[in-house]
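Undergrad: Numbering (the working numbering), first residue to last: 2 to 472.
Idealized CB from N, CA, C, for every residue including glycine.
(1) At 4 residues or longer, and completely inside the region 260-328: list those alpha helix (DSSP H) runs for me, N to C.
(2) If you check the beta carbons only, do residue 477 and residue 12 fall under 7 Å apart?
(3) Name the two residues that bound the continuous alpha helix (DSSP H) containing residue 37.
(4) By DSSP, does residue 215 sit in helix, in strand, or in coil?
(5) Roughly how many angstroms lie between the CA atoms of residue 321 and residue 387, to the nearest whole one?
(6) Buried or exposed: which applies to residue 235, given that a residue is buried once 16 or more other Cβ atoms fall within 10 Å of its Cβ?
(7) Excluding the 5 residues preceding and the 5 following residue 312 in the sequence, name in chain order all residues of the same chain whose CB lies nearer than 8 Å to its CB.
(8) Where does residue 151 sit, in a helix, a strand or coil, going by DSSP?
(9) Given a threshold of 16 other Cβ atoms within 10 Å of its Cβ, counted over all protein chains shown, does residue 9 qualify as buried or as exposed?
(10) Measure the Cβ-Cβ separation of residue 167 and residue 177 and say whether it is below 7 Å.
(11) Please report the distance separating the alpha-carbon of residue 254 from that of residue 415.
(12) Does the Cβ-Cβ distance between residue 223 and residue 55 come in under 7 Å?
(13) Using three-state DSSP, classify residue 43 as helix, strand or coil.
(14) Can you pull the DSSP bridge partners for residue 12?
(15) Just to confirm the assignment, what range does the alpha helix (DSSP H) spanning residue 247 have?
(16) How far does the alpha helix (DSSP H) with residue 439 in it extend, from its first residue to its last?
(17) Short of 6 Å in beta carbon distance, which residues of its chain neighbour residue 277, apart from the five on each side in sequence? Order them along the chain.
(18) Can you give me the C-alpha to C-alpha distance between residue 280 and residue 35, rounded to a whole angstrom?
(19) Mapping the DSSP letters down to three states, classify residue 432 as helix, strand or coil.
(20) Sort out for me which residues DSSP pairs residue 90 with in a bridge.
(21) Beta-carbon separation of residue 29 and residue 94 under 7 Å?
(22) Alpha helix (DSSP H) containing residue 104: first to last residue?
(23) I need the straight-line Cα distance from residue 410 to residue 442, nearest angstrom please.
(24) What do you get for residue 270, buried or exposed, if any count of 16 or more other CB atoms within 10 angstroms of its CB means buried?
(25) Using beta-carbon positions only, say whether residue 366 and residue 423 come within less than 7 Å of one another.
(26) Measure the alpha-carbon distance for residue 244 versus residue 233 and round it to whole angstroms.
(27) Kindly identify the DSSP beta-bridge partner or partners of residue 7.
And the structure:
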């Protein structure tokens with residue numbers, strides 16, 4: 002089995018915030034989980050360097066565009082260690098030598114679907130797209146009225162095929178609410194799409210349209226191509242896109258139409274395989290407002306992990322965030338979840354089990370019957386990380402209830418009960434590894450050690466100083 006998983010590539014007009022960490026951690030869990038199941042995996046992420054909003058942010062900061070983009074892109078790449086990410090590849094669309102030639106090759110493969118057309122409409126700089134109506138649901142700024150002559154793509158040609166792909170599940174969009182949104186958009190009728198911008202408006206930033214240097218490839222066309230351009234033209238392309246069993250995109254809800262409509266049309270036009278699955282997450286908010294640097298409510302994931310530990314951050318993102326509906330972040334919720342689940346739940350189970358087992362002689366973990374691996378597999382297949390973590394914690398509760406019910410310290414022969422709970426602890430340590438890599442490793446080490454048990458997960462408690470949004 003070959004499993005290729007990607008994240009969306011974010012703009013680098015600002016440093017990363019906790020919303021970016023959510024997507025990266027979700028994709029990381031999928032990659033680690035499939036590796037643990039013995040599959041070949043490639044995990045790609047990166048940055049979208051070519052957006053006009055990056056240019057605008059650099060100019061506003063009084064910094065040369067290239068230097069500004071490099072600095073912020075570096076901050077995204079540097080999330081690897083503090084968030085314990087396991088990506089195999091990181092692509093920067095503005096500088097990676099694979100990308101611009103790959104975009105040009107993809108453009109030429111779709112040449113029959115391009116035509117020149119003059120267009121007047123409202124343009125949202127935040128979304129980097131023309132709008133269908135008078136405003137943007139996500140960006141409050143008044144859109145700019147733009148009149149341009151650009152290259153257009155015959156999106157309307159692919160309406161029937163895309164509708165069939167989504168209705169049949171050949172391209173699976175999860176959760177169902179996001180699939181229904183994509184279907185409603187397609188059923189309303191697809192109009193041809195502008196896929197270039199005048200190079201002058203981009204200030205020379207971006208990828209030139211092949212054979213038309215006066216035009217720059219539309220940033221979304223450029224960005225979507227990264228899933229293929231990162232693979233080059235040889236064995237990696239054949240393995241991970243042309244021949245892989247699963248091609249999975251992990252994205253936010255605001256860009257569903259780009260991935261479930263525009264990207265499919267581009268690939269159909271180019272004669273390339275389609276993604277098999279698009280997993281969509283909703284947004285993180287603070288006081289009901291979407292996390293964004295522009296609104297001053299961004300939360301720095303590196304600072305958060307440095308203060309409370311990567312286990313607490315990853316666990317909150319995976320266990321607390323709803324599969325549908327935005328989730329409000331507070332430090333208090335993060336601390337409470339870590340203390341309840343990690344310190345008092347799993348940590349307490351392992352600690353008390355080892356304390357009791359080491360009073361006996363030669364107690365070894367028993368093989369336990371559990372549907373946990375299957376439940377985790379099923380939940381992750383549809384991108385329901387909260388269901389997957391709930392399955393883990395159902396087994397933690399099972400172990401703690403078994404100890405409470407049997408009270409092995411009162412039994413003449415506590416060996417069978419302790420062996421069963423020890424076996425359950427070993428299973429939990431294995432199944433936890435994709436979610437909390439270092440935490441699971443510490444648990445496994447604790448279970449192998451003959452020394453006195455020590456707490457694996459610290460209690461964070463109310464005394465931990467808060468990290469406020471925007472810091």
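TA: In this structure, then:
(1) 264-271, 302-309 and 311-320
(2) The first residue shown for the chain is 2 and the last is 472, placing residue 477 beyond what the model contains.
(3) 19-37
(4) strand
(5) 7 Å
(6) With fewer than 16 other Cβ atoms within 10 Å, it is exposed.
(7) 339, 343, 437, 439, 440 and 458
(8) In the structure shown, residue 151 adopts extended strand secondary structure according to DSSP, grouped into three states.
(9) buried
(10) no
(11) Spanning the two alpha carbons is a distance of roughly 51 Å.
(12) no
(13) Strand.
(14) Its beta-bridge partners are 49.
(15) No alpha helix (DSSP H) contains residue 247, which is instead part of the beta strand (DSSP E) from 247-253.
(16) 438-449
(17) 247 and 248
(18) 16 Å
(19) Helix at residue 432.
(20) DSSP output for residue 90 lists 45 as bridge partner(s).
(21) Residue 94 is positioned such that its CB atom lies no closer than 7 Å to that of residue 29.
(22) 100-110
(23) 28 Å
(24) buried
(25) Closer than 7 Å, so yes.
(26) 14 Å
(27) 45 and 250
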